[in-house]
């Protein structure tokens with residue numbers, strides 16, 4: 007019996023770099039965001055709130071990162087993904103605490119291994135996802 011297993015998670019330096027790059031991209035778009043990085047266990051690894059970002063978006067950004075880390079699926083893809091499931095699943099999963107099913111959350115993956123997720127909230131879904139993409143790019147990852 008194997009009692010423990012190794013699990014890769016996002017490193018703190020990469021997490022800080024990703025949130026900084028996402029905020030820089032938001033600055034270039036003229037928006038203010040909250041950005042979070044969660045590890046594979048859903049634990050908060052880094053967080054940044056730009057001055058003037060919506061306060062309610064703090065939890066949304068964290069939950070987008072959590073959702074992306076939990077399932078390894080960009081949060082923008084949930085609507086289409088749920089169409090393949092029963093009505094019970096479609097209605098049930100969106101009621102789960104901390105689940106976010108709209109754009110702005112991306113999984114962090116390297117060589118096919120999930121390391122966590124990044125979540126952005128404060129702009130449109132497209133702007134949030136673009137900021138999350140900038141965070142990934144800054145640490146050499148893509149979605």
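Residue numbers (the numbering used here): 7 to 149.
Backbone N, C-alpha and C fix where the C-beta goes; we use that ideal spot for every residue, glycine too.
Just so it is clear, the structure is predicted and the values come from calculations on it, not from any experiment.
Here the alpha carbons of residue 80 and residue 30 stand approximately 21 Å from one another. Taking the Cα positions, residue 117 is about 14 Å away from residue 145.
A Cβ-Cβ contact shorter than 8 Å links residue 126 with residue 70.
Residue 36 and residue 54 do not touch by the CB rule: their CB atoms are close to 17 Å apart, not below 8 Å. If you compare the alpha carbons of 133, 20, 112 and 98 with that of residue 68, the shortest gap goes to 112.
In the structure shown, residue 123 falls within a strand segment according to DSSP collapsed to helix, strand and coil. When the beta-carbon positions are compared, residue 135 and residue 63 stay at least 8 Å from each other. Scanning 65, 95 and 148 for the CA closest to the CA of residue 104 turns up 65. Note on residue 61: under 16 other CB atoms within 10 angstroms of its CB, so exposed under the neighbour-count rule. Under DSSP, residue 40 takes part in a beta bridge, and its partners are 55 and 127. For residue 26, the enclosing alpha helix (DSSP H) begins and ends at 18-35. The C-alpha of residue 133 lies about 8 Å from the C-alpha of residue 110.
Taking all protein chains in view, the Cβ of residue 33 is surrounded by fewer than 16 other Cβ atoms within 10 Å, so the residue is classified as exposed. Rounded to whole angstroms, residue 92 and residue 142 show a C-alpha spacing of 33 Å.
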